[in-house]
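S.K.: Residue 7 is where the sequence shown starts when you use the numbering used here, and the numbers rise one by one after that.
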Amino acid sequence: MKADLQFDFLVDKEKNTITIKREFAAKRQMVWDCYTKSELLNRWFAPKPLTTKTKFMDFSEGGHWHYAMVEPNGTEYWGRSDYQTIQAIDHYTALDGFCDDTGALNPDLPRAKWSVTFSDGARHTLVETIVSYTSAEALQQVMNMGMKEGLTSTLERLDELLLILN
7 MKADLQFDFL
17 VDKEKNTITI
27 KREFAAKRQM
37 VWDCYTKSEL
47 LNRWFAPKPL
57 TTKTKFMDFS
67 EGGHWHYAMV
77 EPNGTEYWGR
87 SDYQTIQAID
97 HYTALDGFCD
107 DTGALNPDLP
117 RAKWSVTFSD
127 GARHTLVETI
137 VSYTSAEALQ
147 QVMNMGMKEG
157 LTSTLERLDE
167 LLLILN
């Protein structure tokens with residue numbers, strides 16, 4: 007990440023939320039596409055050294071994305087995002103959770119609502135993501151799993167992809 011790009015990671019234990027504000031050196035349409043098209047998500051949506059593969063993607067209200075983050079040794083960690091609302095190039099909400107390779111949610115791991123907003127900054131695109139959990143315990147569980155470190159690495163991969171795409 008370039009030093010002049012904003013990156014805030016704020017945990018609110020009273021509201022059970024994580025707010026991530028992240029600036030990207032690219033136009034909003036390009037950043038939006040990277041968040042909403044599987045062929046682009048597959049190129050960045052996992053912390054290094056993991057990779058991402060999409061099993062199914064329907065980016066529409068009521069649709070979902072079923073994907074795996076894959077370790078170099080082949081171990082797969084499956085996830086599912088169910089899209090609730092979409093305002094093209096501006097905002098979307100989704101329920102995100104851990105699942106198996108069939109898409110069945112894992113009830114032992116937290117599911118969160120992601121509210122993702124895209125806006126134009128002075129020179130860059132700002133993405134604000136609010137991740138809401140149902141309890142303080144669920145929030146703490148994902149923090150213990152390395153949410154901040156994993157997301158930091160993942161967003162750095164998006165920086166690298168945007169340099170190639172621009």
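A virtual CB, placed ideally from N, CA and C, is assigned to each residue, including glycine. What you are looking at is a predicted structure, and each value in this text was computed from that prediction instead of being measured.
1. In its own chain, which residues sit with a C-beta less than 7 Å from the C-beta of M63, not counting the 5 before and 5 after it?
2. Measuring straight from C-alpha to C-alpha, what distance separates K21 and E143?
3. Would you grab the beta carbon distance between D165 and F30 for me? Rounded to a whole angstrom, and I think it's under 8 Å.
4. I need the boundaries of the alpha helix (DSSP H) containing S44, first residue and last residue.
5. Apply the 10 Å Cβ neighbour rule to R129 and answer buried if 16 or more other Cβ atoms are within range, or exposed otherwise.
6. Going by beta carbon distance, what residues of the same chain come within less than 6 Å of P116, once the five residues before and after it are set aside?
7. Could you tell me how far apart the beta carbons of F124 and D96 are, in whole angstroms, since I believe they sit closer than 8 Å?
8. What does the alpha-carbon distance come out to for the pair P53 and N79?
9. Got a sec? Which residues, its chain only, sit under 7 Å from S214 by beta carbon, not counting five neighbours each side?
10. Could you tell me which residues DSSP puts in a beta bridge with R34?
11. In or out: T42 buried (at least 16 other Cβ within 10 Å) or exposed?
12. Can you tell me whether Y98 is buried or exposed, with buried defined as 16 or more other CB within 10 angstroms of its CB?
13. Answer yes or no: do E134 and T25 have a C-beta to C-beta separation smaller than 8 Å?
M.R.: So, to answer that:
1. Close CB contacts of M63 within its chain, under the 7 Å cut and outside five residues either way in sequence, are with S44 and W71 (chain order).
2. Computed Cα separation, rounded: 12 Å.
3. At roughly 7 Å, the Cβ-Cβ gap stays under 8 Å, so D165 and F30 are in contact.
4. Start and end: S44 to L47.
5. Residue burial is scored here from C-beta neighbours: R129 has fewer than 16 other C-beta atoms within 10 angstroms and is therefore classed as exposed.
6. Closer than 6 Å at Cβ, skipping near neighbours: Y139, A144, Q147 and V148.
7. At roughly 6 Å, the Cβ-Cβ gap stays under 8 Å, so F124 and D96 are in contact.
8. About 15 Å.
9. Absent from the structure is residue 214, since the part of the chain shown begins at 7 and ends at 172.
10. According to DSSP, which records beta bridges pairwise, R34 is partnered with nothing at all.
11. T42 counts as buried, since at least 16 other C-beta atoms from the protein chains shown sit within 10 angstroms of its C-beta.
12. Here Y98 is buried, its C-beta having at least 16 other C-beta atoms within 10 Å.
13. Yes, they are a contact pair.
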